[in-house]
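Colleague:
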Amino acid sequence: MAEDLVIRGGTIVDGSGAPGVVADLAVSGGRITAIGPDLPRGREEIDAHGRLVTPGFVDIHTHYDGQAVWDSHLAPSAIHGVTTAVMGNCGVGFAPVHPGQEMQLIELMEGVEDIPAPVLSQGLDFTWESFSEYLAVLEGKPRDIDICALVPHAAVRVYVMGERALALEPANQADIAAMRQIVAEAVQAGAFGFSTSRTISHKTLKGDSTPTLRAQEDELTGIALGLKEVGAGFLEVVSDFNLPDAATEFAMLRRVAEACGRPMVFSLTARHDRTEAWRELLALSNKAAAEGVNIRPVFPPRPIGILMGLLGSQNPFSGAPSYKAIAHLPVPERVAAMRDPATRAQILADDRISGSNFPLITRLSFERMFPFGDPPDYAPHRETSVAAEAARQGRSPEEVAYDMLLANEGQNFLFCPLTNYADFTLDASAELLRHPNTIVGLSDGGAHVGFISDGSFPTFLLSYWGKQRGLPIEELIRRQTSDTARAVGLADRGLLRVGMRADINVIDLDALALDRPGMLYDLPAGGRRLMQRARGYEATIVAGAVTYRHGEATGALPGRLVRCGA
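The sequence shown maps to residues 738 to 1303 in my numbering.
(1) I'd like the list of long-range same chain contacts for A1159, defined as Cβ closer than 8 angstroms, with 5 residues on each side in sequence excluded.
(2) Sort out for me which residues DSSP pairs C1318 with in a bridge.
(3) Among the residues of its own chain, which have a CB less than 7 angstroms from the CB of G754, if the five just before and after it don't count?
(4) To which residues of the same chain is G970 closer than 7 angstroms at the C-beta, ignoring the five residues directly before and after it?
(5) Does the beta-carbon of V1235 have 16 or more other beta-carbons within 10 angstroms, so that it is buried, or is it exposed?
(6) Would you check whether the ligand GTP has a heavy atom nearer than 7 angstroms to the C-beta of M1045?
(7) Give, in chain order, every unbroken run of the alpha helix (DSSP H) that is at least 4 residues long and sits entirely within the segment 1162 to 1240.
(8) Quick check: what's the CA-CA separation for H798 versus F1194?
(9) Do V1002 and A961 have their beta-carbon atoms positioned less than 8 angstroms apart in this structure?
(10) Taking the alpha-carbon of E839 as reference, which of V895, A805, Q918, I816 has the nearest alpha-carbon?
(11) Residues in the same chain with beta-carbon distance under 8 angstroms from S946, minus the five sequence neighbours each way, listed in chain order, please.
(12) For A812, which residues from the same chain have a beta carbon less than 7 angstroms from its beta carbon, with the 5 sequence-adjacent residues on both sides left out?
(13) Cβ atoms of G1231 and P792: under 8 angstroms apart, would you say?
(14) What is the DSSP secondary structure of Y1285, reduced to helix, strand or coil?
(15) Rounded to a whole number of angstroms, what is the C-alpha to C-alpha distance between P830 and G899?
(16) For P777, which three-state DSSP category applies?
(17) So, do the segment 1273 to 1291 and the segment 761 to 774 have three or more beta carbon pairs nearer to each other than 8 angstroms?
(18) Identify every run of the beta strand (DSSP E) within the segment 998 to 1032, keeping only runs that are complete inside it and at least 3 residues long; order them along the chain.
(19) Does N1145 come out as helix, strand or coil in the three-state DSSP assignment?
(20) Give me the DSSP bridge partner(s) of Y1115.
(21) Starting from the Cα of S1091, find the closest Cα among A854, P1053, E1275 and give me that residue.
(22) Looking at G747 and R788, is the spacing between their C-beta atoms short of 8 angstroms?
(23) Would Y1060 be called buried (16 or more neighbouring beta carbons within 10 Å of its own) or exposed?
(24) Using CA atoms only, rank isn't needed, just tell me which of Q953, Y1115, Y1139 is closest to E1126.
(25) Might you give, ordered along the chain, the residues of its own chain that have their beta carbon closer than 6 angstroms to the beta carbon of R1265, omitting 5 neighbours on each side?
(26) Helix or strand or just coil, what does DSSP make of F831?
(27) Pull up the CB-CB distance for E1135 and L1085, whole angstroms please, since I reckon it's below 8 angstroms.
(28) Just grab the DSSP bridge partners of I1043 for me.
(29) In chain order, what residues of the same chain lie with their CB nearer than 8 angstroms to the CB of L903, ignoring the 5 residues before and after it?
(30) Out of D808, Q1051, S1133, I744, which has the shortest C-alpha to C-alpha gap to H786?
(31) Unbroken alpha helix (DSSP H) runs of length 4 or more, entirely within the segment 894 to 973: which are they?
(32) Go ahead and pull the three-state DSSP assignment for V1299.
(33) L1143 and R1076 look like a contact to me (Cβ under 8 angstroms); what is the Cβ gap, rounded to whole Å?
(34) F1036 and L689 - do their beta-carbons sit closer together than 8 angstroms?
(35) Leaving out the 5 sequence neighbours to the left and right, which residues in its chain are closer than 6 angstroms to I913 when beta-carbon positions are compared?
(36) Could you check which residue in F863, I1043, K878, E866 has the C-alpha nearest to that of H810?
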């Protein structure tokens, strides 16, 4: 009988890091059935001559916890070759939840991940209470990619401790036992592990810290032992690593990992205020790995930065009272108002910092603010910054930034790297990409819809580091396929092998490029989100079904909820 699909004559880059080989690849029943020359014709064929044929990408740091409930198309990840996404990172999510606590979780997600509360309130019906009930809801909706879910610490803590969790009180032994049981039962039901946040950057829009910020070691250890009991799952941690210092914080997390014997991953970026901290943490994780403790850093392939503009939720003047007075206007009307000399003078004279509810506003500087351009430039030269341009013109940086926002009828963005651009280069990412113990990720797909567009990380990895910087394509493919899949316990994907799940990309590497982000207004309640498309993906295949051709959805929805251990 004919195979369901044959991909003909492509260069098979199988996800192992091995050199590519020209061959055909056959698929039936959602699995790869043959790889070799001159395979018989299939019922459907894709001509891949001159193209790369790769495993589908596995992104282990996303935030589709809400979108996966209402949307079958998990863009942006799905349009950048991702076929499996792990969500529930950073300790935030929507289960478990007591009736009446829903807004507490929504407000936290709004502040931490920039998904507006009206969007979440309309998009989520909260027909669940337990995490297993939430998984059942997720399982009932077809999608264009597979999803895996982590149990979020903040939701668990609020569920068990209520207002005491929001007040950042320490958990008592009864609290810890209850949280441990909830997490263990969630992993038994199919969760892939547990996530927590220990960073001061994670706050609600009201300025309240994430409920997990001050969780003590006994609490983290107690919960982690729930994973040990089940014998499954991994831990995901976000931390500032400065309480009181990086080594002390890391040592505590290492003890947690040692106690439970489960893998742990943590976010690692080159900070701008402590420029060598990432090297210290890398060395500590290397030492742990050498001593048999599985703690791996997850790092971004480019700066994590925000896009400030009139189209998005933030710009340099969002906190200015005079700007707030016109912020509700449609962009064309706002541009016209901002061009009025009197309005311009007032906005520029206002205090734009103290009136802002954006927790990162104090970390932004005009020295690290750049015109974004088209094509987008994620590695801008220092001399192109707003501050440098202002110095050349003999004007204030505020004036220059103001005019940049108004150019192109208010459609422009300013790119503001927050981390991973301390020395105005991507050297830190380059070093981490060459390191065997690191994991590439942190795309935050599905989050930061109004000012960050990092769901395009997989495309950037190939188009920038492969095409422009010359890193081996086979290694870059391995980095976001088999490496990420194995890191989270997915054994049936990430490699092009007979018997493996048929999650596949067909890529025209010569054409692969990122488009300039734009704004869509397609979220529940009319919410907006930045969306960045790509060129060069000729086909994306999930479980043997072609979900995207040339970047456009086919309508096929073979994606499912993946349960840990299933």
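Cβ coordinates follow ideal geometry from the N, Cα and C atoms, glycine included. No experiment lies behind these values; they were computed from the predicted model shown.
Modeller: Answer, in terms of the structure:
(1) A1007, R1008, H1009, T1012, A1165
(2) The chain is shown only over 738 to 1303; residue 1318 falls outside these bounds and no answer can be derived.
(3) E1211, E1212, R1215
(4) V924, A928, F929, G930, F931, L964, R999, C1301
(5) exposed
(6) What this structure holds is no ligand at all, so the ligand GTP is not there to describe.
(7) 1164 to 1170, 1194 to 1197, 1210 to 1216, 1219 to 1224
(8) 11 angstroms
(9) no
(10) V895
(11) L905, I937, H939, K940
(12) M1268
(13) yes
(14) strand
(15) Looking at the sequence shown, residue 830 is not Pro but Gly. Near 15 angstroms, if we compare the C-alpha coordinates of G899 and G830.
(16) coil
(17) yes
(18) 1001 to 1004
(19) helix
(20) Note: Y1115 sits in no beta bridge, so no partner.
(21) P1053
(22) yes
(23) buried
(24) Y1139
(25) M1256, Y1258
(26) coil
(27) 5 angstroms
(28) C1153
(29) Q841, V895, D945, P948
(30) I744
(31) 900 to 903, 910 to 926, 954 to 967
(32) coil
(33) 6 angstroms
(34) Residue 689 lies beyond the stretch modelled for the chain, which goes from 738 to 1303, so this question has no answer here.
(35) E956, G959
(36) K878
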